[in-house]
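Chains A and B, in that order, are what the protein sequence lines are.
Residue 62 is where the first sequence starts when you use my numbering, and the numbers rise one by one after that.
Residue 62 is where the second sequence starts when you use my numbering, and the numbers rise one by one after that.
Every residue, glycine too, gets a C-beta built ideally from N, C-alpha and C.
To start, the structure under review is shown below, and the notes come after it.
2 protein chains.
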Amino acid sequence: MSKVIQHIGIIGSGNVAWHLAHHLKTVGISIDWIYSRNQETGIALATSIHSTFEKEIPSKEVDLVLICVTDDAIQLVLNQLNDSFQAAYTSGTKPLNELEFNGELGVFYPLQTFSREREIELKEVPFFIESTTSTFAQALFDLAWKISSNVQFASSEDRKKLHLAAVMVNNFSNHLVFLAKTYLDEKGLNWEHLKPLIVETAAKLANISPFEAQTGPARRGDEVTIEKQEAMLEGTTKIIYELITKSIQSTYPKK
Amino acid sequence: MSKVIQHIGIIGSGNVAWHLAHHLKTVGISIDWIYSRNQETGIALATSIHSTFEKEIPSKEVDLVLICVTDDAIQLVLNQLNDSFQAAYTSGTKPLNELEFNGELGVFYPLQTFSREREIELKEVPFFIESTTSTFAQALFDLAWKISSNVQFASSEDRKKLHLAAVMVNNFSNHLVFLAKTYLDEKGLNWEHLKPLIVETAAKLANISPFEAQTGPARRGDEVTIEKQEAMLEGTTKIIYELITKSIQSTYPKK
């Protein structure tokens, strides 16, 4: 029954729903409706793309119901969906075989961090596709291909691993910036001075491996600086400093 | 005795020496000589900017000797320098009052990560200046101003704190990418898929605070995903995962 996906309904109105809705609309996909438990953000999203906010999941046919909700809500949504629907969800971690649905079900996972406040380019963002049937997988692939030039099929297992790596490079790095900013705030120093460094830290990895790109006291084995810096910190930040420093040192053992 | 700095000698031939030499030359500063314990990289640097490599520190006068060496080597270099020289060093951590030198001494610290393989824009890079005299501080400020539009005076104390924050956002984030890449390599997955995410992680911080920018299972309080991800990891990476996850959770306590 899979065919080219033209008309979709979106369930959810968080960051992922927001960005996918806007990008899909831009490439000519019709977003027939938005449904969301959160009426306020749901209406805001529907309004922003000139779509309709629905108070209940409609039974009217669309080519795809795109489920952009938290992992623990996916099954609850599927329970309310008519079996005649084709549905896909955007989670990085939820395995396909843990979900029960009699209609066709697939995965449409963009490996990226989304914030409402920020417009984002999707062209290079990897999308990982999976489905119970190859025809539906292909339809989802083609849909992703309209907004990204980096679309892959991936098993639930591989997707889970990629998501874990994404947590480390995005969530954890962002938290390190939060801790550094908190430290500078406390000392009355301006964290904005870190911004060019933050951008360059990411940018240099475009053509240098993280092993080669590593710099700093731990890489140099500069024990004097390391000791002084540890003494400047306290609490969780100090423990994180010590742990990552040791991990860097063991990556570059002294000759 | 401070005057406009036109002629400089550079001691050191590492990443910082390399990039400062090239940028200073570009804005019309004459790099009269390069001295380095490492002859190979010293000659390579001198050749690349059409300067002279010296086998010993020359006694011929220059307006500034720029010392781009590791912290523990700065004093050793100063011991060999003629007191008639004005000297500045590029360290983020070495306090000015821990160094002994009878000539004028200052700090010329660029808060950035430098790798030989990568060209870098310095215009937005913050430079932190300090000196034993205000006239020399001003001369160093003016020199930095030729290559950057973000130049500040900063005490040794503040510079040390900024450097520590820089270690956290650069060195540590880069190591997280290394750990994520190592994990994906082991699983036969392509770490290149993380690159758009890495770039966006940094880019979104241009106009969103790290507190607002935080996403992911720890921020959402998604215990199921956190437990599964911990079970997928081992060794140091697992410990780092647990520690940073806890730190994020305590930053966004459940209501």
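Requested in this report: Would you mind telling me which residues of chain B sit closer than 9 Å to N99/A, beta carbon to beta carbon, in chain order?
Outcome: Near N99/A there are no residues of chain B at all, since even the closest Cβ is about 14 Å away, more than 9 Å.
Query raised in the report: Going along chain A, which residues have a C-beta under 8 Å from D132/B?
Result: D283, V285, T286
**Report entry** Exposure label - W137/A; buried when at least 16 CB within 10 Å
**Finding:** Here residue 137/A turns out to be Leu, not Trp, going by the sequence shown. Exposed is the call here.
Requested in this report: Any chance you could list the alpha helix (DSSP H) runs of at least 4 consecutive residues sitting entirely within the segment 160 to 222 of chain A, in chain order?
Outcome: The qualifying runs are 195 to 208.
Query raised in the report: Do the segment 221 to 239 of chain B and the segment 226 to 235 of chain A make contact, defined as three or more Cβ pairs closer than 8 Å?
Result: yes
Query raised in the report: Got a sec, what are the start and stop residues for the beta strand (DSSP E) Y150/A sits in?
Result: 147 to 150
Query raised in the report: Is there contact here, the segment 205 to 213 of chain A with the segment 148 to 162 of chain A, by at least three beta-carbon pairs under 8 Å?
Result: With a cut-off of 8 Å, the segment 148 to 162 of chain A and the segment 205 to 213 of chain A do not count as touching, because too few Cβ pairs lie within range.
Requested in this report: Quick one: list the residues of chain A neighbouring V186/B, beta-carbon separation under 7 Å, in chain order.
Outcome: Result: P257.
Query raised in the report: Counting Cβ pairs, one atom from each stretch, are 3 or more of them under 8 Å apart for the segment 295 to 302 of chain A and the segment 131 to 149 of chain B?
Result: no
Query raised in the report: Shorter than 8 Å from the beta carbon of E261/B to some beta carbon of chain A?
Result: yes
Report task. Select from V88/B, T131/B, S145/B, G249/B the residue whose C-alpha is nearest the C-alpha of K155/B. Result -> Closest by alpha carbon: T131/B.
Requested in this report: Indicate the three-state DSSP secondary structure (helix, strand or coil) for S91/A in the structure shown.
Outcome: strand
Query raised in the report: Under a CB-based cut-off of 8 Å, is D219/B close to chain A?
Result: yes
Report task. For chain B, find out if any of its Cβ atoms is closer than 8 Å to the Cβ of H254/A; answer yes or no. Result -> yes
Report task. Could you tell me the distance, in whole angstroms, from the CA atom of L204/A to the CA atom of E253/B? Result -> 22 Å
Query raised in the report: Would A78/B count as contacting chain A if we go by Cβ distances under 8 Å?
Result: Not a single CB atom of chain A sits nearer than 8 Å to the CB of A78/B.
Query raised in the report: Between I104/B and E178/B, what straight-line distance do the alpha-carbon atoms span, to the nearest angstrom?
Result: 17 Å
Query raised in the report: Taking buried to mean at least 16 other C-beta atoms within 10 Å of its own C-beta, is V126/A buried or exposed?
Result: buried
Report task. Answer yes if the segment 64 to 73 of chain A comes into contact with the segment 81 to 95 of chain A, meaning at least three C-beta pairs across the two stretches below 8 Å, and no otherwise. Result -> yes
Query raised in the report: Which of helix, strand or coil does DSSP assign to E115/B?
Result: strand
Query raised in the report: Rounded to whole angstroms, how far is the Cβ of E261/B from the Cβ of I181/A, which I believe are closer than 8 Å?
Result: 7 Å
Query - Coarse secondary structure for Y96/A, derived from DSSP in three states - result: It is a strand residue.
Query raised in the report: Which residues in the same chain have their Cβ closer than 7 Å to the Cβ of D283/B, if we skip the five residues on either side of it in sequence?
Result: none
Requested in this report: Please work out which residues of its chain come closer than 8 Å, Cβ to Cβ, to G100/A, disregarding the five sequence neighbours upstream and downstream, and give them in chain order.
Outcome: Correcting the residue type first, residue 100/A is Gln in the shown sequence and not Gly. Excluding positions up to five away in sequence, the list reads F114, K116.
Query raised in the report: Do you know offhand how far T312/B's Cα is from G153/A's?
Result: 23 Å
Report task. Please report the residue range of the beta strand (DSSP E) in which G70/B lies. Result -> 68 to 72
**Report entry** L137/A, enclosing beta strand (DSSP E) - first and last residue
**Finding:** Unbroken run through L137/A is the alpha helix (DSSP H), 132 to 141; no beta strand (DSSP E).
Report task. Classify R98/A as buried or exposed, calling it buried when 16 or more other Cβ atoms lie within 10 Å of its own Cβ. Result -> Exposed is the call here.
Report task. Check distances from the C-beta atoms of the segment 156 to 188 of chain A to those of chain B and list, in chain order, the residues that come in under 8 Å. Result -> For the segment 156 to 188 of chain A, which is checked against every Cβ of chain B, the residues closer than 8 Å are L172, Q173, T174, F175, S176, E178, R179, I181, E185, V186, P187.
**Report entry** I110/A (DSSP reduced to helix, strand or coil)
**Finding:** Correct three-state label for I110/A: coil.
Requested in this report: Find the residues of chain A that neighbour I39/B, judging by a C-beta separation of less than 7 Å, and give them in chain order.
Outcome: Look at the range of chain B in this structure, 62 to 316, and you will see that residue 39/B is not part of it.
Query - Residues within the segment 221 to 232 of chain B neighbouring chain A, beta-carbon criterion of under 9 Å - result: Taking 9 Å as the Cβ-Cβ cut-off against chain A, the residues of the segment 221 to 232 of chain B that qualify are K221, K222, L223, H224, L225, A226, A227, V228, M229, V230, N231, N232.
**Report entry** Coarse secondary structure for V65/A, derived from DSSP in three states
**Finding:** In the structure shown, V65/A sits in coil (DSSP, three-state: anything other than H, G, I, E or B).
Query raised in the report: First and last residue of the beta strand (DSSP E) that includes I128/A?
Result: 125 to 128
**Report entry** Distance between beta carbons of F169/A and I190/A, contact taken as under 8 Å
**Finding:** 6 Å
Query - Minimum Cβ-Cβ distance from I135/A to chain B less than 8 Å - result: No, I135/A lies away from the interface with chain B (no Cβ there is under 8 Å from its Cβ).
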